[in-house]
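Scroll down for the structure; my scribbles are underneath it.
Numbering (my numbering), first residue to last: 6 to 292.
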């Protein structure tokens, strides 16, 4: 009887809390919506009423130029997507190898640790655009036997080298975040060092670094436009061609819209993953 009455009391109290919180939440949503509309309206009014708006509208927001250039730019954007997908696969694998090399213990593995450290420091220190130029124009000019001379190939390689250095640090942070007791427990069950790393440490580390990995890949998707510097006709290069032919900058808006169509959903998905992990941590702490 006491448990029943306590449950009823808790239920009625919970319903009162929910009922009292619901109007407040609705008011907060209404205030946020109204304030957003007011701010956006003021900004739009300021832009539209600016002295040079007519020139900007004609140069960047021409509907006719947009409809003519969008199909070609959309077709070229598929190349950006292919570059992104190919580079992402190699980056995930190569960066993991670099991170594992930096975590090797013992003096015998010092050359591997040093090589991985030099690689990470070098490719994180050099601007991506410089590496694209160096590999895209330098290596192809050498004309070495058996070495590809495609600018697309070396532009993609440049992205892989740079982002592998960044992602390796993300992996390493995830591996270091796993408590040493996890590995010790695995070793006590008879697993070797590498088996413990493979079956116990890495699965936990990879789950923890998924949100920052997605953030890096959002940047990778945008940086695929850098291969245009080598003459590869992807979305940005196609927009340059269309802009030069129409004497109008609207094709650049087309390209921006296509990149936003990819990066914004990825950003929101990353935020959702971060919020979910935070809720799980809070729930685990309460237990």
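Every residue gets a Cβ at the ideal spot worked out from N, C-alpha and C, and that includes glycine. Since this is a predicted model, take the numbers as computed values, not measurements.
Proximity to residue i [Cα-Cα], best of the options
| i | options | result |
| --- | --- | --- |
| residue 132 | 171, 115, 264, 266 | 171 |
| residue 140 | 288, 159, 84, 152 | 159 |
| residue 73 | 280, 267, 243, 268 | 243 |
| residue 164 | 77, 59, 134 | 134 |
| residue 102 | 175, 195, 286 | 175 |
| residue 89 | 224, 112, 247, 65 | 224 |
| residue 157 | 238, 287, 96 | 238 |
| residue 204 | 59, 67, 38, 188 | 188 |
| residue 262 | 220, 31, 113, 65 | 65 |
| residue 213 | 271, 107, 182, 196 | 182 |
| residue 219 | 84, 270, 44, 198 | 270 |
| residue 110 | 207, 198, 276 | 198 |
| residue 105 | 207, 45, 167, 69 | 207 |
| residue 166 | 287, 276, 97 | 97 |
| residue 86 | 217, 143, 260 | 260 |
For residue j and residue i, the rounded distance between their alpha carbons
| i | j | result |
| --- | --- | --- |
| residue 251 | residue 258 | 14 Å |
| residue 155 | residue 145 | 7 Å |
| residue 180 | residue 235 | 37 Å |
| residue 82 | residue 76 | 10 Å |
| residue 279 | residue 147 | 46 Å |
| residue 36 | residue 191 | 53 Å |
| residue 63 | residue 55 | 14 Å |
| residue 185 | residue 200 | 15 Å |
| residue 221 | residue 240 | 21 Å |
| residue 284 | residue 215 | 16 Å |
| residue 264 | residue 245 | 15 Å |
| residue 113 | residue 130 | 28 Å |
| residue 99 | residue 92 | 10 Å |
| residue 177 | residue 59 | 52 Å |
| residue 226 | residue 115 | 35 Å |
| residue 153 | residue 80 | 25 Å |
| residue 202 | residue 67 | 57 Å |
| residue 94 | residue 78 | 25 Å |
| residue 126 | residue 42 | 46 Å |
| residue 267 | residue 253 | 25 Å |
| residue 256 | residue 61 | 14 Å |
| residue 123 | residue 107 | 10 Å |
| residue 288 | residue 117 | 40 Å |
| residue 272 | residue 53 | 29 Å |
Status (buried if at least 16 other CB within 10 Å, exposed otherwise) for residue i
| i | result |
| --- | --- |
| residue 50 | exposed |
| residue 26 | Below a pLDDT of 50, predicted positions are generally treated as unreliable, and residue 26, at 46, falls in that range; the measurement from the model is reported next regardless. The residue is exposed, with fewer than 16 neighbouring Cβ atoms inside 10 Å. |
| residue 229 | buried |
| residue 247 | buried |
| residue 232 | buried |
| residue 38 | exposed |
| residue 40 | exposed |
| residue 121 | buried |
| residue 128 | buried |
| residue 48 | exposed |
| residue 150 | exposed |
| residue 33 | exposed |
| residue 31 | exposed |
| residue 294 | Not covered by the structure: residue 294. The range shown for the chain is 6 to 292. |
| residue 193 | exposed |
| residue 210 | buried |
Coil, strand or helix - residue i by DSSP
| i | result |
| --- | --- |
| residue 54 | coil |
| residue 66 | coil |
| residue 42 | helix |
| residue 26 | With a pLDDT of only 46 at residue 26, under the threshold of 50, the placement of this residue in the model should not be trusted; the figure read from the coordinates follows. Correct three-state label for residue 26: helix. |
- 4 or more residues per run - each alpha helix (DSSP H) lying fully within the segment 101-157: 115-130, 133-138
- Message: So within the segment 234-291, which uninterrupted alpha helix (DSSP H) runs reach at least 4 residues, ignoring any that extend past its ends?
- Response: 240-251, 255-291
- Message: Just to confirm the assignment: which complete alpha helix (DSSP H) runs, minimum length 4, are found wholly within the segment 162-241?
- Response: 185-193, 198-201, 207-213, 215-228
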